[in-house]
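*Asks:* Right, I'll just put the structure down here and ask away after.
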Amino acid sequence: MLVCENVSKVFTSGFLSKITVKAVDDVSFTVREGEIISLVGQSGSGKTTLGRMILRLLPPTSGRILFYGRDIWKDIKKREELKDYWRQVHAIFQNPMGSFNPFYKIDRVLDQALELLEIEPKSEEGKELKAKALEAVDLNPDEILGKYPHQLSGGQLQRIMIARSWILKPKLLIADEAVSMLDVSTRGKIMEIFNEFRNKLGSSIIFISHDIGLSYFISDRLFIMYKGKIVERGTPQEVIDNPKEDYTRLLIESVPTIYRRWEDFEEV
266 MLVCENVSKV FTSGFLSKIT VKAVDDVSFT VREGEIISLV GQSGSGKTTL
316 GRMILRLLPP TSGRILFYGR DIWKDIKKRE ELKDYWRQVH AIFQNPMGSF
366 NPFYKIDRVL DQALELLEIE PKSEEGKELK AKALEAVDLN PDEILGKYPH
416 QLSGGQLQRI MIARSWILKP KLLIADEAVS MLDVSTRGKI MEIFNEFRNK
466 LGSSIIFISH DIGLSYFISD RLFIMYKGKI VERGTPQEVI DNPKEDYTRL
516 LIESVPTIYR RWEDFEEV
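Under my numbering, the first residue of the sequence shown is numbered 266, with each subsequent residue one higher.
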């Protein structure tokens, strides 16, 4: 589905003396249909910059990003082609409050998703889709629709953004630190919803996180990023049980308990 080939992003600052920072450095990886992968690393590792390039929000300095064989920066240029790409590749960001305009009711973000599909939000079809999307993320439409963002919790707002994605049924969902600001119980529920996206809608997911513990449980493959490079890759079991890089070991040690083997409980 998605192929990143030798993708790099260099930022330049300064007027007289140029300072260059290589945020993403020659990164290559693939995402298969129906697969959940995780890009894991601390702040500044380049994972969010890579996600923004895949979302076609930030152009790469070099390399190619292919979506079903099409170079998203060279082959997708017309407005309608861009709209179609953003129907298929969608994102959920870290701060749910930042995704809402405080002067509009939350219905607006759902209506915008319907408009991307060329469905009239006030039509019976539009109303039914909004209700089903909210129910899919365990929200009661009667309690949610018509509210302003400040009237809802962070967990509810994040689930509304997931409901927006449910309406679009994207081929690829990019979740950029989508649960890091939420409490543990809400975080677990949203991780379950992500899994349902894969199982019920067939969506692939790129889960961007600094939390290797969460990534271990949700992912089919892990990619560890450090200073713009992918320094380690493999199945969660391979990466956690046999880390090859000191940086990976540091990430693992930063999590109190990533998992417990079943045999640990056999004698209890």
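Every residue, glycine too, gets a C-beta built ideally from N, C-alpha and C. What you are looking at is a predicted structure, and each value in this text was computed from that prediction instead of being measured.
Assuming Phe462 and Ser303 are in contact, meaning their beta carbons sit under 8 Å apart, how far apart are those beta carbons, in whole angstroms?
*Replies:* That pair is no contact at about 15 Å.
*Asks:* Can at least three beta-carbon pairs, one atom from the stretch 445–459 and one from the stretch 389–398, be found at a separation below 8 Å?
*Replies:* Segments in contact, no.
*Asks:* Count the other CB atoms, across all protein chains shown, that sit within 10 Å of the CB of Gly279; report buried if there are 16 or more and exposed otherwise.
*Replies:* Exposed: under 16 other Cβ atoms inside 10 Å.
*Asks:* Straight-line CA distance for Lys348 to Arg429?
*Replies:* Approximately 15 Å between the Cα atoms of the pair.
*Asks:* Since Arg317 is in the alpha helix (DSSP H), which residue starts that stretch and which ends it?
*Replies:* Looking at the DSSP string, the run of the alpha helix (DSSP H) that includes Arg317 is Lys312 to Ile319.
*Asks:* DSSP three-state call for Glu346: helix, strand or coil?
*Replies:* Glu346 falls in the helix class under three-state DSSP.
*Asks:* Measuring alpha carbon to alpha carbon, tell me which residue in Asp376, Leu320, Trp338 and Asn360 is nearest Trp351.
*Replies:* Of Asp376, Leu320, Trp338 and Asn360, the residue nearest in Cα terms is Leu320.
*Asks:* Can you give me the start and stop residues for the alpha helix (DSSP H) that Tyr369 sits inside?
*Replies:* Where Tyr369 is concerned, there is no enclosing alpha helix (DSSP H), given that its DSSP letter is neither H nor E.
*Asks:* In or out: Phe332 buried (at least 16 other Cβ within 10 Å) or exposed?
*Replies:* So Phe332 ends up on the buried side.
*Asks:* Okay, do the stretch 306–323 and the stretch 433–441 touch, 3+ Cβ pairs below 8 Å being the bar?
*Replies:* Touching, yes.
*Asks:* According to DSSP, is His355 helix, strand or coil?
*Replies:* Strand at His355.
*Asks:* Going residue by residue through the stretch 474–505, where are the continuous beta strand (DSSP E) segments of at least 3 residues, counting only ones entirely within it?
*Replies:* Those beta strand (DSSP E) runs which fall completely within the stretch 474–505 and span 3+ residues are 486–491 and 494–499.
*Asks:* How many Å lie between Lys494 and Gly309 at the Cα?
*Replies:* The straight-line gap from Cα to Cα measures roughly 11 Å.
*Asks:* Using 10 angstroms around the beta-carbon of His355, count the other beta-carbons present and answer buried if the total reaches 16, otherwise exposed.
*Replies:* Burial call: buried.
*Asks:* What whole-angstrom Cβ distance do Arg424 and Leu394 have, given they're in contact under 8 Å?
*Replies:* The Cβ separation is near 16 Å, so there is no contact.
*Asks:* Assuming Ser468 contacts Val305 (C-beta within less than 8 Å), just tell me the rounded distance between them.
*Replies:* So it is not a contact: roughly 20 Å between Cβ atoms.
*Asks:* Could you give the DSSP three-state label for Met362: helix, strand or coil?
*Replies:* The answer is helix: DSSP assigns Met362 an H, G or I state.
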